[in-house]
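Let me begin by presenting the structure, written as structure tokens, before commenting on it.
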Amino acid sequence: MNSTYSPVAELNLLNELQDRLGFENYAEGFGLTDYGDISGLVAGWSKDPEFTDRLIPFAQANGSGSFYALWRFDDRTDPATLPVVVFGDEGGQHVVARHVRELFQLLGFDSEINVDWDDAYFYREEDEPYSDGHDEYVAWLDENFGLTVAEDPAAVLAAAQAELGQRFTSWTEPFLS
276 MNSTYSPVAE LNLLNELQDR LGFENYAEGF GLTDYGDISG LVAGWSKDPE
326 FTDRLIPFAQ ANGSGSFYAL WRFDDRTDPA TLPVVVFGDE GGQHVVARHV
376 RELFQLLGFD SEINVDWDDA YFYREEDEPY SDGHDEYVAW LDENFGLTVA
426 EDPAAVLAAA QAELGQRFTS WTEPFLS
């Protein structure tokens with residue numbers, strides 16, 4: 276296993292899959308990037324170390340510049356259990372998954388996330404083709420975690436928002452203008 280990508284075993288497994296299938300070739304618009312690179316946070320949100328120290332960017336969320344990060348909102352030791360948040364290329368920041376494996380289920384929907392100030396959502400046309408590596412990704416998700424694709428991404432996003440959305444919004448307010 277390529278343990279050099281990150282301290283998150285689940286992300287290391289995904290990195291191995293990405294090395295085989297290619298960036299954006301298993302989930303539309305998605306690709307693992309430099310783990311912990313805060314340059315996007317600093318450029319678009321806040322330079323405050325109290326902000327950047329609690330966020331761990333790790334992936335491109337869509338083809339237009341949005342990105343995913345883990346949010347260290349407490350002192351848990353397993354980073355795979357941290358909530359996943361998205362920062363939109365045109366603004367907006369939202370909790371999208373309660374943990375990494377839930378994000379993996381969303382990625383299986385194989386659609387770029389749309390992010391704006393008020394909302395984050397996935398949308399896919401019925402006849403829209405899947406990414407070239409979609410089937411292999413779905414098999415990987417089942418083989419490694421016993422998980423299936425999120426058939427209703429809106430429900431997954433709603434559950435994450437209900438549990439952590441207000442807490443995340445309240446936490447970010449002092450740092451963002």
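Residue numbers (the numbering used here): 276 to 452. Idealized CB from N, CA, C, for every residue including glycine. From a predicted model like this one, the values you see are computed outputs, not experimental measurements.
Cβ-Cβ distance between residue i and residue j below 7 Å
i           : j           : result
residue 302 : residue 353 : no
residue 341 : residue 312 : no
residue 309 : residue 450 : no
residue 267 : residue 330 : Outside the displayed range of the chain (276 to 452) lies residue 267, so it cannot be described from this structure.
residue 425 : residue 380 : yes
residue 359 : residue 378 : yes
residue 288 : residue 408 : no
residue 300 : residue 406 : yes
residue 286 : residue 415 : no
residue 392 : residue 367 : yes
Distance between beta carbons of residue j and residue i, contact taken as under 8 Å
i           : j           : result
residue 361 : residue 343 : 6 Å
residue 357 : residue 351 : 7 Å
residue 442 : residue 305 : With 8 Å as the limit, residue 442 and residue 305 do not qualify as a contact, their Cβ atoms being about 25 Å apart.
residue 395 : residue 284 : So it is not a contact: roughly 26 Å between Cβ atoms.
residue 338 : residue 387 : 6 Å
According to DSSP, residues forming a beta bridge with residue i
i           : result
residue 372 : 359
residue 306 : 335
(request) May I have a chain-ordered list of the beta strand (DSSP E) segments no shorter than 3 residues that lie completely inside the segment 374-404? (result) The segment 374-404 is shown to contain whole beta strand (DSSP E) runs of 3 or more residues at 388-390 and 395-397, in chain order.
(request) Could you name each continuous beta strand (DSSP E) segment of 3 residues or more that falls completely within the segment 318-368, going from the start of the chain to the end? (result) Look at the segment 318-368 and you find these whole runs of beta strand (DSSP E), each 3 residues long or longer: 330-335, 342-346 and 359-362.
(request) Evaluate contact between the segment 417-431 and the segment 370-379, counting only Cβ atoms and requiring at least three cross-stretch pairs below 8 Å. (result) Cβ pair count under 8 Å is three or more, so yes.
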